[in-house]
Amino acid sequence: MFTLPQGTFMSTAATNTAYQPLSSLAGNSLAAKILLVVAGSLVLWVSAKIKVPFYPVPMTLQTLALFGIAAAYGTRLGVATVALYLIEGALGLPVFAGTPEKGIGLAYMFGPTGGYLASYIFAAAIVGYAVERGMGRNPFKLFGVMLVAEVAILG
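Numbering-wise, the numbering used here comes out as the position in the sequence shown, counting from 1, plus 35.
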């Protein structure tokens, strides 16, 4: 059996390192964490406006962005990012897919998509928690976790 010597690119020390979400890489810097949360909420905002033609309801890239943010940030920053995004929408900013055409603020959130939007918090928590537990290192496990999170959104 061939083994790589220690210190090479793919040594056992390099392959056994745990995935570190961006929240842990930011350390104790509150400013870095705030910057990540604001940047993530902007990514969610932009992804809600990108429409993919689909019948009968147009799709957006929002859940893709949500899962990417949760996987990159971990549980706490992922949930904080989604909470900020929902607060921005509740305050009347046109961050959601159907705004401003279909209403803004709480009126939009209490409409037919309100439960869908609220479930984003749970989906971010599911994906972030799984990634922090090491499932982000295996793409098949991560895909399975994201399917569970998608069921939480649609369920």
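The beta carbon of each residue, even a glycine, is placed where N, CA and C say it ideally should be.
Per-residue DSSP class, three states only, for residue i
| i | result |
| --- | --- |
| K84 | helix |
| S154 | helix |
| I104 | helix |
| V73 | helix |
| K68 | helix |
| G130 | The residue you asked about is not Gly; residue 130 is Val in the sequence shown. V130: coil per DSSP, three-state reduction. |
| I161 | helix |
For residue i, the residue or residues it bridges with in DSSP
| i | result |
| --- | --- |
| M144 | Note: M144 sits in no beta bridge, so no partner. |
| T95 | K86 |
Unbroken alpha helix (DSSP H) run spanning residue i, endpoints
| i | result |
| --- | --- |
| F175 | P174 to L189 |
| T110 | T110 to A125 |
For residue j and residue i, the rounded distance between their alpha carbons
| i | j | result |
| --- | --- | --- |
| T43 | R172 | The pLDDT assigned to T43 is 47, lower than 50, so where the model puts this residue is not dependable; a value taken from the coordinates is nonetheless given after this. Approximately 20 Å, taken between the alpha carbons. |
| V73 | G190 | 28 Å |
| A105 | T95 | 17 Å |
| A115 | G140 | 19 Å |
| F131 | G138 | 10 Å |
| G179 | G169 | 13 Å |
| F89 | S82 | 16 Å |
| G150 | F102 | 18 Å |
| L4 | L112 | Examination of residue 4 is not possible in this model, given that the chain is present from 36 through 190 alone. |
| I85 | E167 | 29 Å |
| S154 | A67 | 26 Å |
| L126 | L71 | 21 Å |
| I188 | P56 | 23 Å |
| I69 | M144 | 24 Å |
**OP:** Report yes or no: do the region 119-131 and the region 75-92 share at least 3 C-beta pairs separated by less than 8 Å?
**Re:** At 8 Å Cβ cutoff, the stretches touch.
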